[in-house]
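Here's the structure we're looking at; comments come further down.
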Amino acid sequence: MVHPPGNPGRRPRHPRTGHRRLPHPDEAALVDALRADPRAWIDGLSTVAESPDGVITAHALITRCHIDDTPALALAPCATLPAHQRAGAGSAAIRACLAAARTHPEPVVIVLGHPDYYPRFGFTPASTFGIHAPFDVPDAAFLALLTHPDHPIPTGTVRYPSAFGI
Ligand SMILES: CC(C)(COP(=O)(O)OP(=O)(O)OC[C@H]1O[C@@H](n2cnc3c(N)ncnc32)[C@H](O)[C@@H]1OP(=O)(O)O)[C@@H](O)C(=O)NCCC(=O)NCCS
């Protein structure tokens with residue numbers, strides 16, 4: 001089960017209900033820092049997947065970043081409990097986040113991740129749009145998805161929320 005990002009009772013409550021329930025507990029501090037940053041956090045843009053017995057099996061967060069000075073969105077972190085990987089939980093959480101992102105005005109979602117995984121959601125190398133990472137990374141791993149393809153695409157270098165420490 002995926003909790004829709006727009007459902008207030010089910011928004012990513014994992015940082016509040018116990019960090020041990022996160023798929024990757026070491027991400028708890030990052031999630032907390034993102035939630036605490038009003039420039040980065042956007043209510044309704046992050047979600048969790050939950051098994052029928054109530055275990056949070058995956059989470060996916062989207063927060064605000066910038067491309068040079070233009071607001072955009074960043075998909076990170078995404079994780080699935082190891083025992084639940086390859087069962088669709090990660091994809092379900094990511095697809096729910098991206099559906100929510102399409103209801104927001106920012107025209108681009110950026111992700112740094114596995115080149116074999118994210119293209120299934122429509123991501124392609126960000127460099128083809130003139131969007132670049134603020135660090136060295138292979139082109140194939142730094143990806144962008146246009147959520148409003150009819151809008152102008154910002155170009156430049158991505159600035160992540162400070163919580164990422166980049
Ligand atoms: C990457 C991750 C979030 C995927 O979540 P998941 O719930 O296992 O993925 P799903 O079940 O929705 O999708 C499974 C598909 O993704 C593919 N996949 C999973 N992990 C992958 C990886 N690291 N690289 C490439 N493909 C991967 C599987 O091969 C499978 O492909 P198929 O549908 O063609 O069989 C999860 O494996 C994870 O938490 N990994 C560790 C943390 C991490 O790497 N986070 C992402 C940072 S970029």
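According to the UniProt record's numbering, the residues represented by the sequence shown are 1 to 166, in order. C-beta atoms are modelled at their ideal positions from N, C-alpha and C, and glycine is treated no differently.
What three-state label does DSSP hand residue i in the structure shown?
i	result
E106	coil
A40	coil
L45	coil
V55	coil
E27	helix
State the Cα-Cα distance for the pair residue i and residue j, rounded to the nearest angstrom.
i	j	result
A33	L61	12 Å
A133	V109	13 Å
T155	D68	7 Å
I153	R159	16 Å
A76	P149	22 Å
G130	V55	40 Å
R95	D37	24 Å
Y118	A92	13 Å
T80	S127	28 Å
F123	L145	5 Å
T103	R35	20 Å
L30	F164	7 Å
W41	S51	26 Å
P161	R39	8 Å
D43	A100	10 Å
Report whether the distance from the Cβ of residue i to the nearest heavy atom of ligand 1 is below 8 Å.
i	result
S51	no
A29	no
V108	no
T80	yes
P125	no
V111	yes
P138	no
R86	yes
A76	yes
Y117	yes
Determine which residues share a DSSP beta bridge with residue i and list them.
i	result
I166	None; I166 has no bridge partner.
A60	T47 and C78
R35	Partner(s): none; R35 has no beta bridge.
Kindly examine ligand 2 and report whether one of its heavy atoms sits closer than 8 Å to the Cβ of residue i.
i	result
G90	This structure lacks ligand 2; the ligands present are ligand 1.
In the segment 72-155, which residue ranges form an unbroken beta strand (DSSP E) of at least 3 residues, counting only runs that do not cross its ends?
-> Those beta strand (DSSP E) runs which fall completely within the segment 72-155 and span 3+ residues are 108-112 and 142-146.
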